[in-house]
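*Asks:* Per my numbering, the very first residue in the sequence shown carries number 5; after that it's consecutive.
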Amino acid sequence: MNQKDTPPVLVTGATGRVGRLVVDQLLDAGVPVRALARRSDTDLPAKAEVFTGDLTAPDSLDRALNGVGAVFLLWTAPPRTAEAVVDRLAAHARRIVFLSSPHRTPHPFFQQPNPMAALHAGIERLIAATGLESTIIRPGMFASNSLAWWAPAIRAGEAVRWPYGAAESAPVDDRDIAAVAARTLHEDGHAGGHYVLTGSESLTQAAQVEAIGNALGRRIAFEELTPDEFRRLWQDRAPASAIDMLLAAWSAAVGQPAYITTAVADILGRAPRTFHRWAVDHAGAFAEGS
5 MNQKDTPPVL VTGATGRVGR LVVDQLLDAG VPVRALARRS DTDLPAKAEV
55 FTGDLTAPDS LDRALNGVGA VFLLWTAPPR TAEAVVDRLA AHARRIVFLS
105 SPHRTPHPFF QQPNPMAALH AGIERLIAAT GLESTIIRPG MFASNSLAWW
155 APAIRAGEAV RWPYGAAESA PVDDRDIAAV AARTLHEDGH AGGHYVLTGS
205 ESLTQAAQVE AIGNALGRRI AFEELTPDEF RRLWQDRAPA SAIDMLLAAW
255 SAAVGQPAYI TTAVADILGR APRTFHRWAV DHAGAFAEGS
């Protein structure tokens, strides 16, 4: 790919867990990248052109948007500026890839009341109204959620205390999400696509903890919590609405095989990484003393 003939892609959320990987994937494909960050002092690759800006201040995006061909939109801001931001994207870019959620998916796990899903649905409507060439990416459960949920206890050598150990999901590797996003940003044929991204296997939460233990070469105890015990344990760590949504989703998923798609394989031409592979590759983050 000739970078001189290719308009740059603007990646929002470029320092986050998915956005950072999208930057790397695009650069590996020879696509010029503009990375949007709130601060200029980032560890982004030297080949990426870094622009400071914030989704809460739409006019701060103008310089980064000038001359772009496509935008990767990852929304982490309050909803009040969404319309103004989408209007600005439509005035500059011809293609947008939006990282949404599987709120349309007919599976009990994804059908619980969820403020984030409502936000995503609203932004999707704004994008559709612009007439932009758009692709919606809908990852299910992120494999990396386990870092926030279970890594502190595992690093401390403690049991993982968690509710609904029998709830099943199909965690998708963040690297696969980013690879799909990058492909749809620079490859034609994905306009109008709505891709639900999952891993290839249905695993209970207890089995996911076991997979991390296997990657570490030791057994990790799993202690079942009641929903009320979980609420008390996490009341200072997450909003009550998020806790209620997760508990409802896990409760609905017990006894239900996870919803699994072939979207990752269809787009990338290879099978998605397994959760076991993810656990091996990230074992260092769970190791004692790390």
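Note that beta-carbon positions come from the ideal geometry of N, C-alpha and C, so glycine has one too.
Treat the numbers as computed from the prediction; the structure is a model and nothing was measured.
By the DSSP assignment, the alpha helix (DSSP H) with residue 151 in it spans what residues?
*Replies:* 149 to 159
*Asks:* Pull up the CB-CB distance for residue 15 and residue 40, whole angstroms please, since I reckon it's below 8 Å.
*Replies:* 7 Å
*Asks:* Give me the Cα-Cα distance between residue 58 and residue 75, rounded to the nearest whole angstrom.
*Replies:* 14 Å
*Asks:* In whole angstroms, give me the CA-to-CA distance for residue 282 and residue 126.
*Replies:* Cα-Cα distance, rounded: 32 Å.
*Asks:* So does the region 194 to 205 actually touch the region 158 to 175, counting three or more Cβ pairs closer than 8 Å?
*Replies:* yes
*Asks:* Whose C-alpha, out of 67, 252 and 217, is nearest the C-alpha of residue 162?
*Replies:* 217
*Asks:* With C-beta atoms as the reference, is residue 158 less than 9 Å away from residue 102?
*Replies:* no
*Asks:* Give me the Cα-Cα distance between residue 274 and residue 236, rounded to the nearest whole angstrom.
*Replies:* 42 Å
*Asks:* Look at the Cβ atom of residue 151, then the Cβ atom of residue 79, and state whether they are nearer than 9 Å.
*Replies:* no
*Asks:* Out of 116, 154 and 64, point me to the one whose CA is closest to residue 291's CA.
*Replies:* 154
*Asks:* Going by other Cβ atoms of all chains shown within 10 Å of its Cβ, with 16 needed for buried, is residue 239 buried or exposed?
*Replies:* exposed
*Asks:* Roughly how many angstroms separate the alpha carbons of residue 128 and residue 92, rounded to a whole number?
*Replies:* Linking residue 128 to residue 92 through their CA atoms gives a straight-line distance of about 15 Å.
*Asks:* Please state the DSSP three-state secondary structure of residue 142.
*Replies:* strand
*Asks:* Note down, in chain order, each residue of its chain lying with its Cβ closer than 6 Å to the Cβ of residue 252, except the 5 sequence neighbours on either side.
*Replies:* 116
*Asks:* Could you pull out every residue in the same chain whose Cβ sits closer than 8 Å to the Cβ of residue 135, ignoring the five residues on either side in sequence?
*Replies:* 94
*Asks:* Considering only their Cβ atoms, is the gap separating residue 170 from residue 210 smaller than 9 Å?
*Replies:* yes
*Asks:* Buried or exposed for residue 118, please, with buried defined as at least 16 other CB atoms from any protein chain shown within 10 angstroms of its CB.
*Replies:* buried
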